[in-house]
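Written out below as structure tokens is the structure these notes cover.
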Amino acid sequence: MNDAPTRSLPEEVTATSEVAAGAVLTIDLGAIRENYRRLKARLGDVRCAGVLKADGYGVGASQVAAALLREGCDTFFVALLGEGVALRRSIGPGPAIFVLNGIPPGAEPDAVAADLCAVINSVGQLAAWRVAASRAGRKLPAAIQVDSGMSRLGMAPRDVERVAADPHAFDGIDIRLVMSHLACADEPEHPANERQRLAFERLRKMLPEAPASLTNSSGIFLGARFHYDLARPGAALYGINPTPARPNPMLPVVRLEAKIVQTRMLEAGVGVGYGHIFHTTAPLAAATISLGYADGWHRRAASAAWFEGARLPFLGRVSMDSIILDISALPPGKLREGDLVELLGPSQSVEDAAGHAGTIGYEILTSLGPRFHRRYVGG
Ligand SMILES: *Cc1c(COP(=O)(O)O)cnc(C)c1O
Numbered sequence: 001m002n003d004a005p006t007r008s009l010p011e012e013v014t015a016t017s018e019v020a021a022g023a024v025l026t027i028d029l030g031a032i033r034e035n036y037r038r039l040k041a042r043l044g045d046v047r048c049a050g051v052l053k054a055d056g057y058g059v060g061a062s063q064v065a066a067a068l069l070r071e072g073c074d075t076f077f078v079a080l081l082g083e084g085v086a087l088r089r090s091i092g093p094g095p096a097i098f099v100l101n102g103i104p105p106g107a108e109p110d111a112v113a114a115d116l117c118a119v120i121n122s123v124g125q126l127a128a129w130r131v132a133a134s135r136a137g138r139k140l141p142a143a144i145q146v147d148s149g150m151s152r153l154g155m156a157p158r159d160v161e162r163v164a165a166d167p168h169a170f171d172g173i174d175i176r177l178v179m180s181h182l183a184c185a186d187e188p189e190h191p192a193n194e195r196q197r198l199a200f201e202r203l204r205k206m207l208p209e210a211p212a213s214l215t216n217s218s219g220i221f222l223g224a225r226f227h228y229d230l231a232r233p234g235a236a237l238y239g240i241n242p243t244p245a246r247p248n249p250m251l252p253v254v255r256l257e258a259k260i261v262q263t264r265m266l267e268a269g270v271g272v273g274y275g276h277i278f279h280t281t282a283p284l285a286a287a288t289i290s291l292g293y294a295d296g297w298h299r300r301a302a303s304a305a306w307f308e309g310a311r312l313p314f315l316g317r318v319s320m321d322s323i324i325l326d327i328s329a330l331p332p333g334k335l336r337e338g339d340l341v342e343l344l345g346p347s348q349s350v351e352d353a354a355g356h357a358g359t360i361g362y363e364i365l366t367s368l369g370p371r372f373h374r375r376y377v378g379g
């Protein structure tokens, strides 16, 4: 037993408080708003929703929603029921929230209570939403999703024909949207784009008349015939390039910086990090930062940090909570414990990091960890 007087715990210190966190993620809500305006400008009179699944692509769904509401956005998409309920709690009544992956069987009353719009992907989900409507004693809002060729979610053509032939199929359902999703929109020349558009045309004409929605971010850049009544961008709002073959028309949104824990001079001939996959051949100035794969920085992601324009290559493997940097590009003593170095930002874009990791910007963003201290600017 330790009977030393206990000091009160520091309440202000949490995993993500500024002093305690190993890394800082800065999210520019002003850039998100500008990106929304740029997409709107391309869409003309077509309405523009905001896709907030996976906690707003990892940057914070409720903060992004608040920013988009201020731009007049009144329609949001999430993937899961829980995300929809959390978003409703955060933004209050009014704006439409569509649940892309549909309402899990049995959870319809929760979706009704949160005033969510079901995205109906199957005949079974349609029947369940009809039952929920009759129990609620009112029409319930929904999007009917048809599969125009991605084979992921939505009613297959034969299911669309089946429900179209049933005069009671949509009893109690307020069809707010008929929608589908493009598989290859980031490849403008891909023949699947036009094939999907034509399939969508054919399928939606079998259903009761309702506003139509086909495009994600990249689809907005395929031309007006893909726009229909409502666009559903996600990635482009967050600064991910919707036109990968061309320069990015969007503003960057995130900046990730990690704290220096320790700097030191390594001797010649020492092994560095797990597995000793790197050995020094001469004395080398090194620094260790507080960021690792547990923070979503994949072992194969971009392998350098940046400080005032200088590239600081990683030495050896990425650890769970730390990475060792070669800081010999900087004058001795320039980098001190507690300083922040850039992992994502003006020197290294989300796309750059994704390119190194053999992945896409979407995966880099949505992997970014829950341990970061988050700063929202430009709101
Ligand atoms: C994720 C998603 C979007 C947004 O796609 P981005 O490529 O991020 O713009 C739109 N619609 C559906 C159905 C989606 O799943």
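Everything in the sequence shown is counted per full-length UniProt numbering, starting at 1 for the first residue and increasing by one.
C-beta: ideal position from N, C-alpha, C; glycine also.
Item                                                                                                                         : Value
C-alpha distance - Thr243 paired with Ala235, whole-angstrom precision                                                       : 11 Å
Sheet register partners of Arg27 (DSSP bridge)                                                                               : Looking at the sequence shown, residue 27 is not Arg but Ile. For Ile27, which the question treats as bridged, DSSP gives the partners Val254 and Tyr376.
Nearest-angstrom Cα separation, counted from Gly333 out to Gly56                                                             : 39 Å
Option in Ala128, Asp171, Pro157 and Phe221 with minimal Cα separation from Leu138                                           : Reading off the sequence shown, one finds Arg at residue 138, where the question assumed Leu. Closest by alpha carbon: Asp171.
Trp129, DSSP secondary structure in three states                                                                             : helix
Ala31 CB to nearest heavy atom of ligand 1 below 7 Å                                                                         : no
Straight-line gap, Ser328 to Leu266 (C-alpha atoms, nearest Å)                                                               : 11 Å
Inter-residue Cα distance where the pair is Ala79 and Ala86                                                                  : 12 Å
Sequence-distant residues of the same chain with beta carbon closer than 6 Å to Leu330, five excluded per side               : Ala310
Proximity to Asn101 [Cα-Cα], best of Glu187, Arg88 and Val119                                                                : Val119
DSSP three-state assignment for Val19, whether helix, strand or coil                                                         : coil
Proximity of Gly97 and Val59 at Cβ, strictly below 8 Å                                                                       : As written in the sequence, residue 97 is Ile, which differs from the Gly given in the question. Result no, Cβ atoms of Ile97 and Val59 do not sit closer than 8 Å.
Beta-carbon proximity of Leu237 to Ile289, cut-off 8 Å                                                                       : no
Beta-carbon contacts of Arg264 that lie in its chain and below 7 Å, excluding the five residues immediately before and after : Ala286
Beta-carbon contacts of Glu108 that lie in its chain and below 7 Å, excluding the five residues immediately before and after : Ala128, Trp129 and Ala132
Ala67 vs Ile32 beta-carbon contact at 8 Å                                                                                    : yes
Proximity to Asp186 [Cα-Cα], best of Tyr362, Leu25 and Arg375                                                                : Tyr362
7 Å Cβ shell around Leu312 - same chain, five flanking residues per side excluded                                            : Ala304, Ala305, Trp306, Leu325, Asp326, Ile327, Ala329 and Val341
Contact test: Ala236 Cβ vs ligand 1 heavy atom, cutoff 7 Å                                                                   : yes
Neighbourhood of Val178 by C-beta, 6 Å cutoff - its chain only, sequence neighbours within 5 removed                         : Ile144, Arg204, Leu207, Ala210 and Ala212
Chain-order list of residues whose beta-carbon lies under 7 Å from that of Leu344 (same chain, five-residue window excluded) : Val254, Arg255, Leu256, Val350 and Ala353
Any 3 or more C-beta pairs closer than 8 Å across the stretch 371-379 and the stretch 11-24                                  : yes
Distance cut-off 7 Å: Pro233 Cβ against heavy atoms of ligand 1                                                              : yes
Asp295 - DSSP class collapsed to helix/strand/coil                                                                           : helix
Exposure of Arg88, with buried meaning 16 or more beta-carbon neighbours within 10 Å                                         : buried
Pick from Arg232, Gly296, Gly316 and Val377 that is closest to Thr75, judged by C-alpha positions                            : Arg232
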